[in-house]
Each structure stands twice: as C-alpha cells, then as structure tokens.
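*Asks:*
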Amino acid sequence: MNPHSNDLTQGSIWKKMILFALPVLLGNLFQQFYSAFDSWAVGNFLGKDALAAVSSSASLIIMMVGFFNGVAMGAGVMIARYYGARDHAAMKRAIHTDVAFGLVAGAVLTVVGVAFTPTILRWMGTPENVLPQSIDYFRWYFLGAIFTVMYNIFVGILHAVGDSRHPLYYLMISSAVNVVLDLLFIGGFHLGVGAAALATTISQGISALLCCIRLLRVNEAYRLELGEIRFHWPSFRQIIRFGLPSGVQNSVIALANLVVQSSINSFGDAAMAGCGSYSKIEGFAFLPITCFVQALATFVGQNLGAEKYDRVKKGVGFGIVCSMVLAELVGVASWLLAPQLISIFNGEADVVDFGVRHMRTIALFYCLLAFSHCIAGILRGAGKATVPMLTMLGCWCVLRVSYITVALGFLPRLETISWAYPITWVGSSVIFLIYFLRADWMHTFQREGARA
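Quick note, the sequence shown lines up with residues 14 to 465 if you use the numbering used here.
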C-alpha cells in the first residue's frame with residue numbers, strides 16, 4: 014500500500030477531502046441505520062410505550078458517553094498533527110495513551126451508567142408507564158459502554174491518520190449483525206426493549222474488535238502494540254488540553270438537551286415517541302454535516318502539522334460550502350417527506366402528528382447547524398477547542414434552556430420547544446461567523462501550529 018494514501022497534506026484538496034469524507038458518510042449512514050432499525054423494530058413489534066422508552070435515549074447516552082468521546086477528540090487532534098509532521102515517536106505515545114484512557118473511561122462509564130440510570134430517568138420526568146422499559150434499555154446499553162468508548166477511540170485514531178475506509182467496512186459488518194439480532198431478539202423472541210440495547214452492544218463490540226485488530230496488524234507507524242498501552246503523562250496532559258473542552262461541551266449540551274427532553278416528556282408518550290422518531294431521522298439528516306466536520310478536523314490537523322497554511326485555508330472554504338449545501342438539501346427533503354418518514358417508526362396518528370410538527374419547525378435550518386459544526390471542527394483541528402466550547406455552551410445550553418423555561422410559560426405547545434433549536438443555531442452561527450472573519454484568522458492558525 015502507498016504509505017501516503019492516507020496523507021491529506023498532499024494532492025488535490027477537494028479529491029482528498031471527498032475521498033476521506035465519503036467513507037465517513039457511508040459509515041455513519043450504516044451506524045445510523047442500525048440505530049434507526051432498533052426504533053423501527055421496537056415501535057412495530059413492541060408498541061408505542063416501548064418506542065417512547067427507547068426514544069428518550071439519545072440525550073442521556075450523549076451526556077454519559079460524550080464527555081469521554083470529546084476528550085478522545087483531543088488525542089485525534091494530536092495524532093493528526095504528529096502524522097502530518099512525520100513525528101512518529103510522539104504519535105505512538107499519543108496513540109497508546111489514548112487507548113489506555115479509553116479502557117479506564119469505558120470501565121468507569123459502565124459502572125456509573127448502570128448505577129445511576131434510574132435516578133437520571135426519574136429526574137427527566139420519564140412517565141411511569143415508560144420508566145421500567147427505559148431503565149431496562151439503558152442498563153443493557155451501559156453494560157456494553159466500554160465497547161462504545163473503545164470503538165470511538167480506535168476510529169478516532171484511524172481517522173486522524175486519514176483512514177476512513179476500514180471503519181466503514183467494520184460498520185457495514187456490525188450493522189448487518191445488529192439488524193439480524195433485532196429481528197431475532199425482538200421480532201422472533203419478543204424479548205423486550207432491553208434486547209434492542211443488547212443487540213447494539215454486541216454490534217458495537219464487533220466493530221470495536223475489528224478496529225483493534227486493524228491497528229494491531231497494520232504495517233505503519235501508527236500500529237498498536239499491546240505491551241505499550243499505558244499513560245504517557247506528557248501526552249495525556251496534551252490530550253486533556255485539546256480534548257477536555259470538547260468533552261465538557263458534549264456533556265453539558267447533552268445535559269441541556271435532557272432539559273429539552275424532560276419538557277417533551279411533559280406532553281406524554283405520543284410526543285416522546287414522535288419526537289424520538291424524528292431524532293432517528295435527524296441522525297440521517299446530519300450525516301453530510303458530520304462527515305465534513307470530521308474531514309475538516311483531520312485535514313486541518315494534518316496540514317498544520319505539516320505547516321501548509323495556505324492549503325488549510327483552501328480546504329476550510331471547500332468543506333464549509335459542501336457541508337452547508339448538502340445539509341440544506343437534506344433539510345428541504347425532510348420537510349417535504351415528514352409524514353411518511355415519521356410513520357415508518359409508528360403509524361399512530363398522534364405520534365405522527367407530534368413528529369411532523371417537530372420536524373417541520375427544525376428541518377429548514379440545517380444549513381446553520383452545518384456552519385456551526387464545521388467551524389467547531391476546524392477550530393478543534395487547530396487545537397482551539399475552547400472557542401467552540403464557550404460558544405456552544407452559551408448558545409446551545411444557556412440560551413436554549415432559558416428560552417424553553419420562559420417561553421413554555423407563555424406558549425405551552427410542542428412547537429415552542431422545537432423552535433429552541435433553530436434559535437440557538439442562529440446564535441452560534443453569528444458568533445462563529447464574526448470570529449471566522451477576524452483579520453488574524455490565519456495568523457492564529459500559524460501561531461497554533463508553531464506552538465504545537
């Protein structure tokens with residue numbers, strides 16, 4: 014294999030970025046597919062209450078898992094920098110420290126998730142008719158939390174060195190396994206919502222194992238050596254420096270979204286099921302955003318390491334435009350097809366009504382979400398994760414929660430909650446645009462590259 018096949022510091026910018034982003038897009042598509050298939054199987058085989066139990070999962074899972082995944086992003090930034098700079102010794106230390114961190118974090122998350130799930134679900138105001146199934150689902154999910162964390166660690170390493178193809182292959186395998194297990198556990202044996210979480214856990218374990226085998230066998234400088242897995246403290250301090258802001262951002266935003274979810278819960282199980290169905294569709298809609306955000310972060314990290322600042326500037330413009338255009342096209346399609354999409358998960362009229370109202374309030378603003386995430390990814394790739402953290406905490410947490418708390422008192426409708434998302438995306442986009450257009454933008458990149 015060409016040793017530079019994953020190198021984003023050479024060759025055509027748009028070709029390299031698309032060739033990196035496309036497997037990420039397809040991989041996320043498969044991952045989102047089996048997540049959505051969980052909801053489809055639960056909603057169609059087990060009913061509305063079971064779907065509501067699963068549908069309230071996203072914010073809680075992101076809050077619990079997001080912190081550790083955010084910190085792992087710091088390792089991805091470092092690894093991409095070292096890869097671009099050809100500093101193989103430092104890259105290997107960062108990789109093995111990252112894996113050590115993931116093992117510890119996964120064990121901690123398993124214990125905390127299993128122990129505190131009932132308390133958090135009650136705090137969210139989960140209805141009593143849904144609560145037992147929600148507890149069952151989350152506990153089974155968090156029993157496999159270490160697989161989720163390690164999968165994200167391994168994929169982060171592969172992405173940092175420009176390899177987005179192998180994670181795609183592994184997700185295709187795990188998605189097929191998840192679909193088969195859902196049909197067997199839920200459709201065949203009618204085992205309940207816990208079986209959906211168990212199917213996801215097994216699938217995540219398979220994809221994590223395959224990624225690990227790839228890193229153990231690859232004949233490259235980023236090869237994983239089991240005997241070298243330990244905390245290299247200077248590398249760990251750098252990981253924390255780059256990753257802690259993203260980890261805090263992920264968890265606090267998810268905490269704010271728990272407040273949003275608790276407000277949705279107050280409208281009953283039909284609203285929970287309808288909005289939860291939308292969240293699965295939203296996961297597909299966000300795929301153009303997430304693939305270019307990952308591509309931008311890796312592209313910026315590698316090229317800053319290689320001190321190719323003009324290339325960074327050109328790549329940033331291309332990635333932002335592509336992400337925003339694709340996101341808005343998906344948003345328009347989602348608005349038009351909202352009834353058909355929501356009814357895939359559950360056809361009851363009240364569930365579809367809540368889901369469609371929620372979707373049509375949000376979907377046409379996806380371009381703003383894309384812009385905010387792209388700028389955040391660029392800044393993380395440049396090692397400036399504090400800027401997106403403060404911006405998103407201010408807009409997506411403080412503003413979002415404040416708006417809902419005040420506005421629901423005047424307009425107690427689901428659309429009042431739905432508007433929290435476009436309003437806060439506008440706020441973050443304005444702040445990011447002002448920051449991005451500052452005259453010293455590229456000079457900041459250069460100072461960060463020199464400091465690294």
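For every residue, glycine included, the Cβ atom is placed at its ideal position computed from N, Cα and C. Predicted, not measured: the structure shown is a model, and the values here were computed from it.
(1) Cα-Cα, which of D111, V325, M185, G390 is closest to S11?
(2) Just the Cα atoms here: how many angstroms apart are P247 and R254?
(3) Can you round the beta-carbon distance between G175 and D20 to whole angstroms, since I take them to be within the 8 angstroms contact cut?
(4) Terminal residues of the continuous alpha helix (DSSP H) containing S385?
(5) Taking I252 as the reference, which of C225, R413, Y434, A398 has the closest Cα?
(6) Closest to L309 by CA distance: which of G24, I166, A34 is it?
(7) Straight-line CA distance for Y434 to S275?
(8) Would you kindly work out how many angstroms separate the C-alpha atoms of P352 and L59, rounded to a whole number?
(9) Decide if the segment 315 to 323 is in contact with the segment 257 to 265; the criterion is three or more beta carbon pairs, one per stretch, under 8 angstroms apart.
(10) Does DSSP put G5 in a helix, a strand or coil?
(11) Please determine if the segment 25 to 44 and the segment 321 to 336 are in contact, where contact requires at least 3 C-beta pairs separated by less than 8 angstroms.
(12) If you reduce the DSSP assignment to three classes, tell me which class K105 lands in.
(13) With a CB to CB cut of under 7 angstroms and the five nearest residues on each side skipped, what residues in its chain are close to T123?
(14) Three-state secondary structure (DSSP) at L257?
(15) Which residue wins for smallest C-alpha separation from F331, given the options V273, D366, I391?
(16) Whose C-beta lies closer than 6 angstroms to the C-beta of R413 among residues of the same chain, with five residues either side of it excluded?
(17) Could you tell me the alpha carbon to alpha carbon distance between S264 and V127, rounded to whole angstroms?
(18) Output the residue ranges of the alpha helix (DSSP H) runs that lie fully inside the segment 108 to 182 and measure 4 residues or longer, sorted by chain position.
(19) For L381 and F50, I'd like the C-alpha separation in whole angstroms.
(20) Between the C-alpha atoms of T404 and F202, what's the straight-line distance to the nearest angstrom?
(21) Excluding the five sequence neighbours on either side, which residues of its own chain have a C-beta within less than 6 angstroms of the C-beta of G79, listed in chain order?
(22) Which of the three DSSP states, helix, strand or coil, is assigned to I357?
(23) Taking N165 as the reference, give the member of F151, A208, I108 with the closest Cα.
(24) Going by DSSP in three states, M30 sits in which element: helix, strand or coil?
(25) Rounded C-beta distance between T22 and G89? I'm assuming under 8 angstroms.
(26) Need the endpoints of the alpha helix (DSSP H) that R227 sits in, please.
(27) If the criterion is Cβ atoms closer than 8 angstroms, does the pair F358 and W53 meet it?
(28) Quick check: what's the CA-CA separation for Q44 versus H245?
(29) Counting Cβ pairs closer than 8 angstroms, one from the segment 204 to 218 and one from the segment 129 to 138, do we hit at least three?
(30) Tell me whether A63 is buried or exposed, calling it buried when 16 or more other Cβ atoms sit within 10 Å of its Cβ.
(31) Mind checking P36: buried by the 16 CB within 10 Å criterion, or exposed?
(32) Measure the CB-CB distance between V364 and A283 and report whether it falls below 8 angstroms.
(33) Where A362 and I355 are concerned, what is the direct C-alpha to C-alpha distance, given to the nearest angstrom?
(34) Could you have a look at R243 and say whether DSSP puts it in helix, strand or coil?
(35) Between which two residues does the alpha helix (DSSP H) containing D494 stretch?
(36) Please name the residue, chosen from V272, F378, A210, R324, that lies closest to I148 on a Cα-to-Cα basis.
*Replies:* The answer reads as follows:
(1) Only positions 14 to 465 of the chain appear in the structure, and residue 11 is not among them; the question remains open.
(2) If you take the alpha carbons of P247 and R254, they lie about 11 angstroms apart.
(3) Contact holds; Cβ gap of about 6 angstroms.
(4) Taken as a continuous stretch (DSSP letters only), the alpha helix (DSSP H) holding S385 covers 379 to 394.
(5) A398
(6) A34
(7) 15 angstroms
(8) 21 angstroms
(9) With a cut-off of 8 angstroms, the segment 257 to 265 and the segment 315 to 323 do not count as touching, because too few Cβ pairs lie within range.
(10) The requested residue 5 is not part of the displayed model; the chain covers only 14 to 465.
(11) yes
(12) Correct three-state label for K105: helix.
(13) F155, L156, A158, I159
(14) helix
(15) Looking at the Cα atoms, I391 is the closest of the given residues.
(16) For R413, where only same-chain residues beyond five positions count, the Cβ hits under 6 angstroms are A269, A433, T437.
(17) 18 angstroms
(18) 144 to 156, 158 to 173
(19) 28 angstroms
(20) 47 angstroms
(21) N263, S264, A267
(22) Of the three classes helix, strand and coil, the one that applies to I357 here is coil, per DSSP.
(23) Among F151, A208, I108, the Cα nearest to that of N165 belongs to I108.
(24) helix
(25) Actually they do not touch by this definition, with Cβ atoms about 16 angstroms apart.
(26) Judged by DSSP secondary structure, R227 falls within the alpha helix (DSSP H) whose first and last residues are 206 to 230.
(27) yes
(28) Taking the straight line from one Cα to the other gives about 32 angstroms.
(29) no
(30) With 16 or more Cβ atoms within 10 Å of its Cβ, A63 is classed as buried.
(31) buried
(32) yes
(33) 10 angstroms
(34) coil
(35) The structure shown does not extend to residue 494, since the chain is modelled only from 14 to 465, so the question has no answer here.
(36) Of the candidates V272, F378, A210, R324, the one whose C-alpha sits nearest the C-alpha of I148 is A210.
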